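Numbering (this note's numbering), first residue to last: 139 to 649. Ideal Cβ placement from N, Cα and C applies to all residues, glycine included. Quantities reported herein were computed from a predicted structural model and do not represent experimental measurements.
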């Protein structure tokens, strides 16, 4: 670059237009290095000299689009998405589509649309990119950045249950497929990241063979070499767990169809019971993880994510939630089965008899609050815990949780053997879990309609994905304790120091 600067004065008089274009490209290169935090003592001096040359040469002195691009990125980094979007719209209106910076501005515009959940705007831009890709007008750099960055943004939105994000993600992958069809050579690193995104797309289509194939094309070391992509290797691990060969199914009893479920609450609630699930705050989730220890932490994180995802919505089918929870635990790599339960609720009082969980209501008829049969929970067999995110969503519990916020949290209780019947007691309510049978989750799932079963499969990955962030907030020391208690999670939980990088990965300007 220094040698280039040395010959510029002589070349200006030979071919001013070529010199001007060379100055523009050189200046964009230096700014790009600085934008990506490359540290070199000469960069500032080079940028200053090249700026002087740009002002000297009329051709190079036209609108500096790369400078405008860096200003757009600076606005995004300050979190001013609305202002950034307006700036991007103005740039696109003024730029020639043939300008090399044009696809980058258009891509950032699409990322901003995803960030503010303007799915119509995002789809329109993606259609423009798809047409350009089909016409062979997109550079491989632009294809790689588009698929990588939009794939990240859609993945985060899909985890937040944004339904239109799935359609946009599908369009992003179609662009990758076009590039593959046209044999566009994507550099290592970006190619590996895109392979994981395509594996995720196969997962969403429940195509295990295709998912495994794409995962085999992705090399974690290459992914690590790409800026702001650490998140991808965590998704890679989760998808690997899903693709792993299923364990031999346990022998199960005859399933009781959902239509035969008994769910009765006795007596009227003294206060109105909301039609939607209560929310739980992040601090109380964090405190409960630390309070109850590392062994129950993965199940508690999964269950808390389930309650958080349900908050403000009408309760879902309890069996769906239980199936989804069990699948999410398995995606984390933890051996988990489904347990069928007889669930009894009592209003707590002095002198109540809880010695025999099977007879809670029979022994305390005047305290009877509700009972549910059958009830399904996830049973983490490796640690011996039942995981029940359905508990706070039941009408009988919501009726009490209106005044007792602690009952808005899921139940995670020791359940070491099928002869051990947990009793959960606190804040005016006693709940007894009586084991009725153990099943493979896929046997239980077959009782669901096909579309609901597919939804459970889809949601399970994102529940596990969000649980990693929930566990990450507990800190390095506690994470190490979790990994010691659950070797299957070693290296899978996101460490706090990685959260900054992952946050930047989901920012619209990360390329």
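What residues match up with residue i in a beta bridge as DSSP calls it?
| i | result |
| --- | --- |
| residue 513 | 479 |
| residue 577 | 476 |
| residue 163 | For residue 163, which the question treats as bridged, DSSP gives no partner whatsoever. |
| residue 518 | 474, 523 |
Mapping the DSSP letters down to three states, classify residue i as helix, strand or coil.
| i | result |
| --- | --- |
| residue 195 | coil |
| residue 526 | strand |
| residue 451 | coil |
| residue 260 | helix |
| residue 548 | coil |
| residue 320 | coil |
| residue 612 | coil |
| residue 153 | coil |
| residue 401 | strand |
| residue 484 | strand |
| residue 570 | strand |
| residue 158 | helix |
| residue 415 | strand |
| residue 310 | helix |
| residue 385 | Caution applies to residue 385, whose pLDDT of 48 falls short of 50 and renders its modelled position unreliable; the value that the coordinates give is listed next. Of the three classes helix, strand and coil, the one that applies to residue 385 here is coil, per DSSP. |
| residue 631 | coil |
| residue 508 | strand |
| residue 445 | helix |
| residue 148 | helix |
| residue 361 | helix |
| residue 624 | coil |
| residue 502 | coil |
| residue 604 | helix |
| residue 143 | helix |
| residue 180 | coil |
| residue 495 | helix |
| residue 170 | helix |
| residue 617 | helix |
| residue 302 | helix |
Locate the alpha helix (DSSP H) running through residue i, then write down its first and last residues.
| i | result |
| --- | --- |
| residue 291 | 278 to 297 |
| residue 252 | 240 to 253 |
| residue 469 | 456 to 469 |
| residue 556 | First-last for residue 556: undefined, no H or E at that position. |
| residue 429 | 420 to 430 |
| residue 101 | No answer is possible for residue 101: it lies beyond the span of the chain, which begins at 139 and ends at 649. |
| residue 536 | 533 to 539 |
| residue 433 | Here residue 433 belongs to no alpha helix (DSSP H), and DSSP marks it neither H nor E. |
| residue 586 | It is not in any alpha helix (DSSP H) - residue 586 carries neither H nor E in the DSSP assignment. |
| residue 350 | 346 to 355 |
| residue 212 | 203 to 215 |
Around the Cβ of residue i, are there at least 16 other Cβ atoms within 10 angstroms (buried) or fewer (exposed)?
| i | result |
| --- | --- |
| residue 437 | buried |
| residue 140 | exposed |
| residue 184 | buried |
| residue 327 | buried |
| residue 220 | exposed |
| residue 630 | buried |
| residue 182 | exposed |
| residue 153 | exposed |
| residue 565 | exposed |
| residue 512 | buried |
| residue 491 | exposed |
| residue 386 | With a pLDDT of 48 at residue 386, under the threshold of 50, the predicted position of this residue should be treated as unreliable, and no value is reported. |
| residue 530 | buried |
| residue 170 | exposed |
| residue 264 | buried |
| residue 323 | exposed |
| residue 589 | exposed |
| residue 626 | exposed |
| residue 252 | buried |
| residue 468 | buried |
| residue 148 | exposed |
Terminal residues of the continuous beta strand (DSSP E) containing residue i?
| i | result |
| --- | --- |
| residue 219 | Taken as a continuous stretch (DSSP letters only), residue 219 belongs to no beta strand (DSSP E), being part of the alpha helix (DSSP H) at 219 to 232. |
| residue 564 | 561 to 564 |
Is residue i close to chain D, meaning its C-beta is less than 8 Å from at least one C-beta of that chain?
| i | result |
| --- | --- |
| residue 453 | Included in the structure is just one protein chain, with no chain D present. |
*Given 8 Å, three or more beta-carbon pairs between the segment 473 to 486 and the segment 497 to 517*: Yes, the segment 473 to 486 touches the segment 497 to 517.
*Segment contact, 8 Å Cβ cut-off, at least three pairs: the segment 471 to 483 with the segment 568 to 576*: When Cβ pairs closer than 8 Å are counted between the two stretches, the segment 471 to 483 is seen to touch the segment 568 to 576, the count reaching three or more.
*State whether the segment 579 to 586 contacts the segment 415 to 434, with contact taken as three or more CB pairs (one from each stretch) at a distance under 8 Å.*
No, the segment 579 to 586 is not in contact with the segment 415 to 434.
*Could you tell me whether the segment 594 to 609 touches the segment 429 to 443, using the rule of 3 or more Cβ pairs below 8 Å?*
Contact holds: three or more Cβ-Cβ distances are below 8 Å.
*asked:* Across the segment 537 to 552 and the segment 616 to 623, are there enough close Cβ pairs to call them in contact, namely three or more that are closer than 8 Å?
replied: Inter-segment contact for the segment 537 to 552 and the segment 616 to 623 is absent: fewer than three beta-carbon pairs are separated by less than 8 Å.
*Report yes or no: do the segment 514 to 529 and the segment 445 to 459 share at least 3 C-beta pairs separated by less than 8 Å?*
When C-beta atoms of the segment 514 to 529 are compared with those of the segment 445 to 459, three or more pairs fall below 8 Å, so the two segments count as touching.
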